[in-house]
Structure formats: C-alpha cells, structure tokens
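Report on one structure; see the data block that follows.
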Amino acid sequence: MRDPADQFLTDQEREKIRRAVVEAERMTSGEIVPMVVSESHEYPMADVLGGVAISLPLALLITPLLGRWFWIGAQNMWLFLAFFIALFFIFHQVVKRTRWLKRFFVSPGEIEEEVEEAAVVNFFREGLYRTREETGVLIFVSLFEHRVWILADRGINEKVEKGKWSEIVQEIVAGIKQGRQADAICEAVKQTGDLLKTHFPKRADDTDELKNLL
C-alpha cells in the first residue's frame, strides 16, 4: 500500500510549494517548513476496539444460527468463542488497513493530542528550534486525522498573535476539502511570510537554514 502522504501532492505541486517557500523567505529571516505526514500516530487501540465492536455482535448473531443447524446448541459458549476469535482476527486487520473505518474508533480528543504531540516532535526532530533568531515555523498537515497544526518558535510567538495561526489553519483545511491542497499550502506559506517579514526582516547575511518541504 502506497503512503498517502506520497500521493497527497504531485511532484509538480511539491515544487510549487518549494518555490512559494523560497519566495516567502526572500523578505524575512524566518524559516517556513511545510510538512505532510500520513498519520500522527498508529492508534493501535483503534484496531482492537474496531475488531471487538464488529466481531462481538456478529459472533452473537452467528452462534445461535449455526448452533441450531449443527445440533451443537444455540447458547454454546465454545462455539461463540471460536466465532468471536476468528472474526476478531479478520476485522482487526480490516480496521487496521481501512483508514476511513479506523477513524470511527479514534476519539476527537485523542486525535488532537496526537497531532499536537507529533507536530512538536517533528519541530524538534527537524531542527526548527535551531534557527539563529528562533524564527522557525512548521506547517504540519496530518492526513489521517484531517488536522493541520502550525507551530512557531519562541521568537515568533513573542510577536505574532496565536489567533493569526488559527486563521491560516482554517484556510488550509478549507482548501484541502476543496481539493486545492497545493494552492492552500502555498497561500499559507505566503501569509506566514507576510507575518514574519513585519517582525523579522531579511538580514544581509541571512542563509536558508532549513529544508523548504518535508
């Protein structure tokens, strides 16, 4: 199975976003890094919950039907357990491999928590905290969860209102829903650059410190 993050953008769209980042950073010392991931967490408990939620009622339905048919008994516990275990192994894998089905067994609170944690982990893993003026910005898109998170370094957060990031996030989400993911990310990069250049204008000795797309 191909990685959804690899299919989310074409090569041309990736290059378009890279160019948008270069253009946005042309007027600021800030560093803007868009990142697209397939999922922020594997959610193993969702596979278990899904397997149980589907297998249990099916086993309860099948046991009395086949129990009577084979003269084993409609309430035979061993027959029920055999059906339940067999069905659980099947549907555990079905839920694990079917992304839209798996989402039914992940709570909104867990999604928010895992996306935020993944954004923070990647912010540090990719070195966005190491910029000279603490001006790294991560635009984090997590596909399974349908979430976008923007994480800015301390130097930026001291000067840019958090509400500005929420507005940009909503515009990215709306663009993705309309099938304009590349354009939405490019526009977010442009808006981020416009915010940064006001507070962090380009230095004469500025260099590109981070990758332009992850």
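Residue 213 is where the sequence shown ends in numbering that gives the first Met the number 0, and the numbering goes up by one at each step.
Note that the Cβ used here is the ideal one computed from N, Cα and C, for glycine as well.
*Spell out a yes or no on whether the segment 149-168 and the segment 118-137 are touching, meaning 3 or more CB-CB pairs, one atom from each, closer than 8 Å.*
yes
_If I measure Cβ to Cβ from K216 and keep anything under 6 Å in the same chain, skipping five residues before and after, which residues do I get?_
Since the first residue of the chain shown is 0 and the last is 213, residue 216 is not available in this structure.
*Quick one, are the C-beta atoms of T191 and I167 less than 8 Å apart?*
By 1-based counting over the sequence shown, the position of residue 191 is 192. By 1-based counting over the sequence shown, the position of residue 167 is 168. In this structure, I167 lies closer than 8 Å to T191 by Cβ.
*Should P33 be labelled buried (16 or more other beta-carbon atoms within 10 Å of its own) or exposed?*
Reading the sequence shown from its first residue, position 34 is the one you call residue 33. Buried, by the Cβ-count rule.
*Measure the C-alpha to C-alpha separation of V36 and F143 and round it to an integer number of angstroms.*
Numbered from its first residue, the sequence shown carries residue 36 at position 37. Numbered from its first residue, the sequence shown carries residue 143 at position 144. Whole-angstrom Cα-Cα distance: 8 Å.
*Exposure label - S165; buried when at least 16 CB within 10 Å*: Reading the sequence shown from its first residue, position 166 is the one you call residue 165. Exposed.
*Is there at least one non-hydrogen atom of the ligand SAM closer than 7 Å to the beta-carbon of E186?*
The ligand SAM is not part of this structure, which contains no ligands at all.
*Flag this pair as touching only if the segment 76-85 and the segment 176-193 have three or more C-beta atom pairs under 8 Å; answer yes or no.*
no
*Any contact of the segment 85-100 with the segment 108-125, i.e. 3+ C-beta pairs under 8 Å?*
no
*Between the Cα of E132 and those of E12, T27, K15 and T97, spot the shortest distance and give me the residue it belongs to.*
Translated into positions along the sequence shown, residue 132 becomes position 133. Residue T27 is the option with its Cα nearest to E132.
*Within 10 angstroms of the Cβ of E157, are there 16 or more other Cβ atoms? Answer buried if so, exposed if not.*
As a first step, residue 157 is located in the sequence shown; it is residue number 158 there, counting from the start. With fewer than 16 Cβ atoms within 10 Å of its Cβ, E157 is classed as exposed.
*Chain-order list of residues whose beta-carbon lies under 7 Å from that of I110 (same chain, five-residue window excluded)*: Working through the sequence shown from its first residue, we reach residue 110 at position 111. If we look at I110 and ignore the five residues flanking it on each side, its Cβ neighbours are E144 and R146.
_Whole-angstrom distance between Q169 and P223, CA atom to CA atom_ = The displayed coordinates of the chain run from 0 to 213. Any statement about residue 223 would go beyond what the structure contains.
*What residue does the beta strand (DSSP E) around V120 start on, and which one ends it?*
For the purposes of this step, residue 120 is taken as the residue at position 121 of the sequence shown. Not the beta strand (DSSP E): V120 falls in the alpha helix (DSSP H), residues P107 to R124.
_Nearest by alpha-carbon distance to I61: which of L86, E115 and K101 is it?_
Taking the first residue of the sequence shown as 1, we reach residue 61 at position 62. It is L86 whose Cα lies nearest to the Cα of I61.
*Would you check if the distance between the CB atom of I16 and the CB atom of A181 is smaller than 8 Å?*
Against the sequence shown, residue 16 aligns to sequence position 17. Against the sequence shown, residue 181 aligns to sequence position 182. Result yes, Cβ atoms of I16 and A181 sit closer than 8 Å.
*asked:* Rounded to whole angstroms, what is the Cα-Cα separation between E38 and V159?
replied: Walking along the sequence shown from the start, residue 38 turns up at place 39. Walking along the sequence shown from the start, residue 159 turns up at place 160. Answer to the nearest angstrom: the Cα atoms are 28 Å apart.
*Ordered list of alpha helix (DSSP H) runs contained in the segment 40-65, each at least 4 residues*: none
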